[in-house]
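Only one structure is covered here, and it is reproduced in the block below.
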């Protein structure tokens, strides 16, 4: 177990290194010039040149990357070009809000998706199964900004059940979490449905019936733990897709998280923030996958961590 | 259930008719497809008495399993349903009661064990959990009380260290152990009826013997009525008091076991019994020593690495094949027998280049080692394989003609026109019409599909065909036909076979020479007559003893109960099993004087 964790941590560091290199390279070749953004339109060529030299942006790519990396190793993620603040401070201030929203979003996604999937599998071929699968198709296809605006319009503007935006109380979380979770719930319901149908066909389910167990026990104790295994692996991968959704949803609901931070930074080519947010996201994905891999053998004893 | 009438000798003694526990009368089961009811089981009637074993025998599609599922109320809903007749358990008609009442009966008064012990237990729950929940489903006892009863049940099925087994998961137990757990689970509540659906079909022959003995002992102890569903007439002869032979959903013959085997009246029963391969039938004189060697293995070794530790270094190795040497001559059938995991299939895979090996493989006097890829490919043309499952071995999206032609295409032989005539030829040779080339595999029956596989193997005119359990998945009557086909091809074309099988009776009927494998090594090798007529190695004797004999009058030579399991072929790096030395017992009958064991 310890050997496994050590190996995975080494792998994770290599992954983060790769992510940082590719992102840095992409930002370097980007035609947008961060210095123009900082200096403003009326700046003289001399000012622009000064700022460029000051930020070290006149250096060759590898020198720039090396500087960034050596800072990073010492815990320095650089300073924002425009906000003149440490990137680590900016991210640390916004991370709790994002983690809260992400947790709530995943909870929504799983609660809706898995229950839809299980019910559809148990009613396979019936009208309710077809209705659920159409619903999941709609959920998968609906763009997140449309879902967000729709939720806002119905539940905040028309019904007034939830606040229109902002951050602070539990009722603030509900709509953005739903907006985040609905798309994923469509995926999960389909996955759970096919996984469950597969498991219900297995011999050990027939054995459970032959033992005279109740239907609810067969489903909850025998079928569900087996059916949920592939879904767990999926959650780890899913966190990456989730981050994309965060950028949209945080902007629509005015949620002060790193998604919003990233959105603003991208518009202004604020390279240190973009780098910081990307790396934090990559960390989240790596940790999510690691967690999924550690949880899987707790459910299925046949899986050995190697 | 209380055992009121003491049974003296369970299976053998026929109980009085008033102890009838199950009465199935005129049972019909149908499937609803596109609004039409199609009968699957029609008009099946039988009675089951306390302490009796009734066998439902028949080939696939005979409706024997559906009959048992109907009794359990477990027919796959909603398409398959009981459409007539009655199933009476005591004063209840099981076809009329609701699901909740049926649930109380299942596992409690009628228990069932299934064919596949590997998949019949939930992989994510411990043995203990699964046993305890079965008991608590019907008996409102405390968890501790249920636990001690579960332990008792495990002891009753002769599982050692039951406390530890309770905490283990199914994948940590062998197939035989799992089937015992299934039996323990079924008998923990002392049901009146035990339905055993092919209980030993998936098990090795020595394990099968243990499980059959166990079932018989437990039946004698508790007076359980057993409804045995099987295709194996050997198992029927050993276990059953009464036999019902089914075909296409109907009963064709019913009689007590001795009379049925002595004088089968229905033509189908006669055909079925005559198709059963029997031990002692096929001892034929050894062939004239043709020394035209097709395949020679010299000190073949196959090992698979197991990685572990921090750096993923090799810590253990599976010694799958350990120093096997053998020779197969032209027109000869060499059979490898042994139980699962003994390495017989790995040898086949090494020969066709699917497993890494050391040692030498010589095909028609040429070594495979050292040849470049192209050279190896052309030499491999001389060896073709026929696998166990003909459904899985044929691409469902290709026409039969294309399937058979594929080896020719791969090796670039012939023009399309030439290939077409060759396909027609090959189909004719395996007894299929030429039109078959235009059809798809799913349109054929299991036996016909295996013929297609054989035709494909023949297309490259090989000298050697490796038949890896090629007839194991087939019904006996079909099995006999495919074996006949293989024999006639051998006579006409001089093909040699490496025939890999776990079925001793089949091997005895087809093999010129036999090698018995145990833990990756050959422990006995000789002509069929030598190995089966005069087995020398204790393992060979044990294997032959364990085979169920399709003759109810057969008396087992010794009632030495087989126990113990085959040890694992996994060794830490640096250790290896002791090589057995084969000693000539006379006329080329090679026997080892020891068992392969680990050397420190």
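Protein chains in written order, with my numbering: chain F, 2 to 307; chain V, 820 to 1419. Ideal Cβ positions, reconstructed from N, Cα and C, are used throughout, including at glycine. Since this is a predicted model, take the numbers as computed values, not measurements.
Beyond the five residues adjoining it in sequence on each side, residue 78 of chain F comes within less than 6 Å, by CB distance, of 88, 89 and 277 in the same chain, given in chain order.
Counting the other CB atoms within 10 Å of its CB gives residue 1210 of chain V a total below 16, which places it among the exposed residues. Beta-bridge partners of residue 1286 of chain V (DSSP): V:1205 and V:1318.
With the criterion set as a beta carbon lying under 9 Å from some beta carbon of chain V, the members of the stretch 198 to 212 of chain F are 203, 204, 205, 206, 207, 208, 209, 210, 211 and 212, in sequence order. With a beta-carbon spacing of about 18 Å, residue 293 of chain F and residue 17 of chain F fall beyond the 8 Å limit used to define contacts.
It is roughly 13 Å from the alpha-carbon of residue 1061 of chain V to the alpha-carbon of residue 1070 of chain V. Closest option to residue 1386 of chain V, judged by alpha-carbon separation, among V:1283, V:1349, V:1144 and V:1338: V:1338. Around the CB of residue 986 of chain V, fewer than 16 other CB atoms lie within 10 Å, so the residue is classed as exposed.
Contact between the stretch 33 to 44 of chain F and the stretch 262 to 271 of chain F is present: three or more C-beta pairs spanning the two stretches fall below 8 Å. Against chain V, the CB of residue 301 of chain F has a partner CB under 8 Å away; the residue lies at that interface. Exposure of residue 1353 of chain V is indicated by the presence of fewer than 16 other C-beta atoms within 10 angstroms of its C-beta. The alpha carbon of residue 1012 of chain V has as its nearest neighbour, out of V:1317, V:1241 and V:867, the alpha carbon of V:867.
According to DSSP, residue pairing for residue 857 of chain V in a beta bridge involves V:850. Per the coordinates, the alpha-carbon of residue 166 of chain F lies some 13 Å from the alpha-carbon of residue 179 of chain F.
In this structure, the straight-line span from the alpha carbon of residue 1051 of chain V to that of residue 1325 of chain V is close to 13 Å. At a beta-carbon threshold of 9 Å, the residues of chain V lying near residue 226 of chain F are 941, 943 and 944, ordered along the chain.
With fewer than 16 other Cβ atoms inside 10 Å of its own Cβ, residue 131 of chain F counts as exposed.
Taking one beta carbon from each stretch, the stretch 1292 to 1302 of chain V and the stretch 1082 to 1096 of chain V have 3 or more pairs nearer than 8 Å; the two touch.
In this chain, residue 192 of chain F is not harboured by any beta strand (DSSP E); it is covered by the alpha helix (DSSP H) spanning 171 to 201. Taking a Cβ-Cβ threshold of 8 Å, the residues of chain F close to residue 927 of chain V are 213, in chain order. In the three-state scheme derived from DSSP, where H, G and I count as helix and E and B as strand, residue 301 of chain F is classed as coil. Annotation for residue 1111 of chain V: 1148 and 1149 place their beta carbon closer than 7 Å to its own, counting only its chain and skipping 5 residues before and after. According to the DSSP assignment, residue 1307 of chain V belongs to no beta strand (DSSP E) but to the alpha helix (DSSP H) extending over 1295 to 1312. Taking 8 Å as the upper bound for CB-CB distance, residue 865 of chain V and residue 873 of chain V are in contact here, some 6 Å apart. Here residue 1270 of chain V carries a helix assignment [DSSP, helix/strand/coil]. If you ignore the 5 residues before and after residue 106 of chain F, its C-beta comes within less than 6 Å of the C-beta of 178, 181 and 182, all in its own chain and listed in chain order.
The beta carbons of residue 1275 of chain V and residue 1235 of chain V sit no closer together than 8 Å. Burial is judged here by how many other beta carbons sit within 10 angstroms of a residue's own beta carbon; residue 1000 of chain V has at least 16 and is buried. Take the alpha-carbon of residue 973 of chain V and the one of residue 94 of chain F: they are about 60 Å apart. Per the C-alpha coordinates, the member of F:249, F:227, F:82 and F:50 positioned closest to residue 274 of chain F is F:82. Our two residues, residue 1334 of chain V and residue 1023 of chain V, have alpha carbons roughly 17 Å apart in a direct line. Annotated as distal: residue 955 of chain V and residue 211 of chain F, with beta-carbon spacing of 8 Å or more.
Between the stretch 1110 to 1127 of chain V and the stretch 1137 to 1147 of chain V, the count of Cβ pairs shorter than 8 Å is three or higher; the stretches touch.
Only those residues of the stretch 164 to 179 of chain F whose C-beta falls short of 9 Å from the nearest C-beta of chain V would be listed, and there are none.
With its beta carbon less than 8 Å from one in chain F, residue 988 of chain V belongs to the interface. Closest in alpha carbon position to residue 944 of chain V, among F:48, F:171 and F:205, is F:205.
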